[in-house]
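This report refers to the structure that appears directly beneath it.
In our numbering, the protein residues as written are -10 to 444.
What follows is the structure, given as structure tokens:
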């Protein structure tokens, strides 16, 4: 309920106005002097003031009303004020309205007109307060972002800003965080931001891509192995948990962890204890775990592929990362970042970038931009340089027509695609990697995963 203060030295006017306001659902207060008015406004939440222009008997200059008006403005610059004036103070009232007063009413007043003015002014006042609050929140948010280490993250969308806001909010805690989202969306970059803005930023930060490790070596990689623990283990291997002791371990593609590894991971999270492969000596570590997955772990839990108790240990805080096609405002800033200084996009190229579905997310966008820079001879990149969708515009309708291209980068090639590319390019790794949109190191990892060779 809005509180309205009536200030008038005439007790009868105060009574009449407060009665009318009470009848129409407002909380009405009244006083008869400027000093009382200033005291009430300083101590109570007043939404609007209705004030007289004179408070001393036989005074008609309006100077007292002006002084009260400016004093109220000093206390609360946005407080709506309605001036109740006799005709002799009309000029003064107009002057104050121009100086920022809300409205004025002549005496005797019209109840309907006064109520309309009150309703309008209160609506504007509340909207203004909401806007100011949102502005302060945005200002605080941008201040937090500007003072944070964003690890080179480029974005322009509100969706991404909210994700980063949450990441910065939880970064300084020691709870486990799970980053969810599709491949190539930038989950590793969010993990970098969590680490860089945490209390462990100066401590070890170890990254493990579970999906890129051979299953038979996975537990040895995570927990270490003694010499002779398995074929080829000629010396002691320090696991990633030991290497990350006192710091942070980032487990990417956590959904690929086999059940045997999940049991050991759960134990480490619960107790900090584990044993190397081939050893009975229990070791202890203190590690913060950040994980990431593109899988639907709820389905994996239902199908018996992922432990529910481990899921809740890892997923204390979830950071969902939207695919690039749901972060359209990120596309052009990212594209300009990937092509680098000295390159830009013409209008059709920008339209092609914005209309492309980006099933491979940020990784696909980066590959497209880097390929365009390598192949073009112009500083201004065209839609033909990108090899994406062309936007055909006629006088009546905009129609987006896909353009078929060859050797488009694949966001996550499977075994058959890699085999076909190896055959097509005679096993030349550089050409195979380029045709698949991968780095040579990334291609080698996938070849190891699928047991493929270049021969």
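Backbone N, C-alpha and C define an ideal beta-carbon position, used for all residues, glycine too.
For the alpha helix (DSSP H) containing residue 62, list its first residue and its last residue. 52 to 64
Drop a sphere of 10 angstroms on the beta-carbon of residue 315, count the other beta-carbons inside from all chains shown, and report buried for 16 or more, exposed for fewer. exposed
In the DSSP assignment, find the unbroken alpha helix (DSSP H) run with residue 93 in it and report its ends. Careful: residue 93 lies outside any alpha helix (DSSP H), inside the beta strand (DSSP E) at 92 to 95.
Just the Cα atoms here: how many angstroms apart are residue 275 and residue 373? 53 Å
How many angstroms separate the CA atom of residue 100 from the CA atom of residue 313? 57 Å
Hey, is the region 338 to 347 in contact with the region 407 to 416, meaning 3+ C-beta pairs nearer than 8 Å? no
What separation, rounded to the nearest whole angstrom, lies between the Cα atoms of residue 401 and residue 172? 8 Å
Check whether residue 35 and residue 68 have beta carbons under 8 Å apart: yes
Between the CA atoms of residue 317 and residue 159 - distance to the nearest angstrom: 26 Å
DSSP three-state label for residue 434, please. helix
C-alpha gap between residue -6 and residue 115, whole angstroms: 17 Å
Got a sec, what are the start and stop residues for the alpha helix (DSSP H) residue 230 sits in? 229 to 232
Extract the residue ranges of the alpha helix (DSSP H) inside the region 11 to 39, only unbroken runs of 4 or more that lie entirely within it. 23 to 32
Cα separation between residue 112 and residue 94? 19 Å
Kindly indicate the opening and closing residues of the beta strand (DSSP E) around residue 241. 237 to 241
If you pair each beta-carbon of the region 181 to 193 with each one of the region 132 to 142, do three or more pairs fall below 8 Å? yes
Helix, strand or coil for residue 307, going by three-state DSSP, please let me know. strand
Work out the CA separation of residue 52 and residue 12 for me, nearest whole Å. 32 Å
Inter-stretch contact (C-beta, 8 Å, three-pair minimum) for the region 205 to 217 and the region 258 to 273: yes
Backbone secondary structure at residue 388 - three-state DSSP: Note that residue 388 scores a pLDDT of 34, beneath 50, so its modelled location is shaky; the value from the coordinates is reported in the next line. Residue 388 falls in the strand class under three-state DSSP.
Counted within 10 angstroms of its Cβ, other Cβ atoms place residue 70 as buried (16 or more) or exposed: buried
Does the distance from the C-beta atom of residue 222 to that of residue 195 stay below 8 Å? no
Judging by CA-CA distance, which residue of 323, 328, 174 and 257 is the nearest neighbour of residue 299? 257
Count the other CB atoms within 10 Å of the CB of residue 66; is the residue buried (16 or more) or exposed (fewer)? exposed
Mind checking which residues open and close the beta strand (DSSP E) that includes residue 321? Unbroken run through residue 321 is the alpha helix (DSSP H), 317 to 328; no beta strand (DSSP E).
Sorry if obvious, but does the Cβ on residue 427 come closer than 7 Å to a heavy atom of the ligand ZN? The ligand ZN is not part of this structure, which contains no ligands at all.
What does a CB cutoff of less than 7 Å around residue 339 pick up in its chain, not counting 5 residues either side in sequence? 321
Rounded C-alpha distance that separates residue 277 from residue 240: 11 Å
Between the region 291 to 298 and the region 323 to 332, are three or more C-beta pairs nearer than 8 Å? no
May I ask you to list the residues that DSSP assigns as paired with residue 219? Looking at the DSSP assignment, residue 219 forms no beta bridge with any residue, so it has no partner.
Give the straight-line distance between the Cα atoms of residue 163 and residue 135, rounded to the nearest whole angstrom. 23 Å
Can you name, in chain order, every residue of its own chain whose Cβ lies under 7 Å from the Cβ of residue 225, other than the five neighbours on each side? 215 and 216
Skipping 5 residues on each side, what residues in its chain have a beta carbon closer than 7 Å to that of residue 178? 140 and 142
Pop quiz: residue 432 and residue 422 are said to be a contact at Cβ under 8 Å. What is the actual Cβ separation, rounded to whole angstroms? 4 Å
How about residue 168 and residue 281: are their beta carbons less than 8 Å apart? yes
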